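*Asks:*
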Amino acid sequence: MLSLGEKAYCAALLALKKKEYLQAFENFEKAAPYFANNKEFTLYHDTTKLLVEVKRKLGTLSEDDKIEIEEIFTHG
Amino acid sequence: MSQTASLQSLESLLETFLDRVVFLKEKKLNVLDGINRLDDIGAMVNSGTDVTDDIGNWFAEHNKWLSDRTLKDTELNRITGMLSKIKREIKIDADSSMAHQKISSEIDRWNSKKEHTAPIIKLKRPPETVTPEPVLTPNSDTISLFVKRLSKMTALFMDYSNSKNHILSVLEDLLQKASTETSKDALILSAFIIYYLKQNGYKVEPYVRKLKEAETLYKKGMF
């Protein structure tokens with residue numbers, strides 16, 4: 315049986331392969347308690363975390379990526 | 007450079023690094039994914055799901071592992087362990103369907119290949135007696151093997167101690183190598199250095215803990 319940590323690490327690497335960085339990060343987070351002392355794991359985890367943050371920031375800064383939200387209130 | 011341009015540059019750099027990681031780990035990742043999928047099939051068997059198609063597809067995709075001999079012993083052991091468990095769970099007998107019997111024969115084929123590629127070495131000793139043991143002559147093979155290992159570990163130590171100021175730095179790096187590369191030489195050498203440090207009054211508990219973790223990873227043969 316693979317441990318939950320191993321499964322999550324595997325899923326994270328597969329997500330990296332598909333360039334699905336948010337999914338990779340979420341799986342790294344799940345695996346983190348199992349690989350706390352593994353420097354290689356920590357490097358990949360932290361790099362992915364940073365990349366996700368950068369992408370979030372870019373999404374916020376880029377005018378094209380802005381999403382206009384309009385709230386509609388119904389009366390009665 | 008604007009903030010956006012800086013972030014885009016950083017984004018590109020991080021993506022390139024992670025692409026490189028995936029490229030370097032491609033082979034290991036494929037094996038790990040295959041083992042993971044087999045593990046999932048094992049879990050499906052436990053829950054009573056019919057896995058005939060899933061395991062058939064798994065064999066079709068991974069049979070080349072046996073012919074290519076790409077697997078390490080630890081990986082092969084894990085796979086055959088999982089396959090044996092699946093075979094036990096689906097309870098194949100004379101009345102089973104053709105598909106189930108085919109699965110059974112495929113599992114047997116894997117197990118027989120495993121025995122062929124990774125023979126189990128059994129160490130035996132004669133029964134204990136009250137009469138004095140005869141004097142054993144040294145076995146030249148074990149000695150030469152040990153000498154070879156020692157010389158490899160010396161080379162490894164020289165490699166890792168280069169440009170370091172303290173043996174603890176060397177030990178840290180060796181433990182890292184033992185964990186990430188599942189290197190047996192690094193593992194044995196780390197244990198040797200830890201014992202040496204202990205004899206010289208160093209506090210070695212954190213390193214012993216790391217050694218045990220590295221040993222666990224080595225036994226699993228993963229990552």
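From first to last, the protein sequence lines are chains A and B.
The numbering used here numbers the first residue of the first sequence as 315 and each following residue consecutively.
The numbering used here numbers the first residue of the second sequence as 7 and each following residue consecutively.
Just so it is clear, CB atoms sit at the ideal spot from N, CA and C, and this is done for glycine as well.
Given the structure is predicted, the values throughout are model-derived calculations rather than measurements.
Residues of the segment 342 to 367 of chain A with a CB closer than 7 Å to any CB of chain B: list them in chain order, please.
*Replies:* Under the 7 Å Cβ criterion, the segment 342 to 367 of chain A contributes N351, N352, K353, E354, Y358, T361, T362, L364, L365.
*Asks:* Taking 8 Å as the threshold (C-beta atoms), are W64/B and L44/B in contact?
*Replies:* Yes, the pair counts as a contact, with Cβ atoms nearer than the cut-off.
*Asks:* Should L193/B and L162/B be called a contact, given that it needs their Cβ atoms to be closer than 8 Å?
*Replies:* It is not a contact, given that the beta carbons lie outside the stated cut-off.
*Asks:* Step through the CB atoms of chain B and report whether any lies within less than 8 Å of the CB of K336/A.
*Replies:* According to the sequence shown, residue 336/A is Leu rather than Lys. With 8 Å as the cut-off, L336/A does not count as an interface residue toward chain B.
*Asks:* Output, in chain order, the set of chain B residues within a Cβ distance shorter than 9 Å of L318/A.
*Replies:* Per Cβ cutoff of 9 Å: no residues; L318/A is ~11 Å from chain B at best.
*Asks:* Can you say whether K97/B is buried or exposed, counting buried as having 16 or more other CB atoms within 10 angstroms of its CB?
*Replies:* K97/B comes out exposed.
*Asks:* Are there 16 or more other CB atoms within 10 angstroms of the CB of N171/B, so buried, or fewer, so exposed?
*Replies:* Burial call: exposed.
*Asks:* List in chain order: all unbroken alpha helix (DSSP H) runs of 4+ residues lying wholly within the segment 333 to 370 of chain A.
*Replies:* Complete alpha helix (DSSP H) runs here, min 4: 335 to 345.
*Asks:* If we define contact as Cβ-Cβ less than 8 Å, is I61/B a contact residue for chain A?
*Replies:* Output row for I61/B: interface = no.
*Asks:* Following the continuous alpha helix (DSSP H) through D59/B, name the residue where it begins and the one where it ends.
*Replies:* Unbroken alpha helix (DSSP H) run through D59/B: 58 to 68.
*Asks:* Would you report the Cα separation of T86/B and L16/B, rounded to the nearest angstrom?
*Replies:* Each residue's alpha carbon lies about 44 Å from the other.
*Asks:* Once DSSP output is grouped into helix, strand and coil, what is the label at V153/B?
*Replies:* Of the three classes helix, strand and coil, the one that applies to V153/B here is helix, per DSSP.
*Asks:* Going straight from the alpha carbon of S189/B to that of S8/B, what length do you get?
*Replies:* Approximately 46 Å between the Cα atoms of the pair.
*Asks:* For V28/B, which residues in chain A fall below 8 Å Cβ to Cβ?
*Replies:* What V28/B touches in chain A: L327, L330, K331.
*Asks:* Strictly below 7 Å CB to CB, what residues from chain A border N117/B?
*Replies:* By Cβ distance, chain A contributes nothing, its closest Cβ being about 18 Å from N117/B, past 7 Å.
*Asks:* Pick helix, strand or coil for N168/B, following the three-state DSSP scheme.
*Replies:* Coil.
*Asks:* Taking K363/A as the reference, which of D56/B, E21/B, W116/B, N69/B has the closest Cα?
*Replies:* Closest option to K363/A, Cα to Cα, is E21/B.
*Asks:* Any idea what DSSP makes of E95/B, helix, strand or coil?
*Replies:* E95/B falls in the helix class under three-state DSSP.
*Asks:* How would you call Y201/B, buried or exposed, if buried means at least 16 neighbouring beta carbons within 10 angstroms?
*Replies:* Its Cβ having fewer than 16 others within 10 Å, Y201/B is exposed.
*Asks:* Is it buried or exposed for A66/B, if we count other Cβ within 10 angstroms and need 16 for buried?
*Replies:* Looking at its Cβ environment, which holds fewer than 16 other Cβ atoms inside 10 Å, A66/B is exposed.
*Asks:* Is there a Cβ of chain A sitting closer than 8 Å to that of T188/B, yes or no?
*Replies:* Not closer than 8 Å to any Cβ of chain A, the Cβ of T188/B fails to qualify, so no.
*Asks:* Indicate the three-state DSSP secondary structure (helix, strand or coil) for S230/B in the structure shown.
*Replies:* Chain B is shown only over 7 to 229; residue 230/B falls outside these bounds and no answer can be derived.
*Asks:* For my contact list, Y335/A and F355/A are in at a C-beta cut-off of 8 Å; report their separation, rounded to the angstrom.
*Replies:* With a Cβ gap of about 16 Å, Y335/A and F355/A do not count as contacting.
*Asks:* So, with DSSP's three-state summary, where would you put T186/B?
*Replies:* DSSP places T186/B in helix when its eight states are reduced to three.
*Asks:* Nearest chain A C-beta to E21/B closer than 8 Å, yes or no?
*Replies:* Yes, E21/B lies at the interface with chain A (some Cβ there is under 8 Å from its Cβ).
*Asks:* Report yes or no: do three or more beta-carbon pairs, one from the segment 44 to 63 of chain B and one from the segment 340 to 350 of chain A, lie closer than 8 Å?
*Replies:* The segment 44 to 63 of chain B vs the segment 340 to 350 of chain A: no contact.
*Asks:* Would you say V57/B and I41/B are within 8 Å of each other, going by their C-beta atoms?
*Replies:* Result no, Cβ atoms of V57/B and I41/B do not sit closer than 8 Å.
*Asks:* Smallest Cα separation from K70/B: which of D79/B, W116/B, K31/B?
*Replies:* Among D79/B, W116/B, K31/B, the Cα nearest to that of K70/B belongs to W116/B.
*Asks:* Going by the C-beta, is A325/A closer than 7 Å to any heavy atom of the ligand FAD?
*Replies:* The ligand FAD is absent from the structure shown, which contains no ligand whatsoever.
*Asks:* Quick check on this structure: which residue in S175/B, L174/B, L89/B has the alpha carbon closest to the alpha carbon of M315/A?
*Replies:* It is L89/B.
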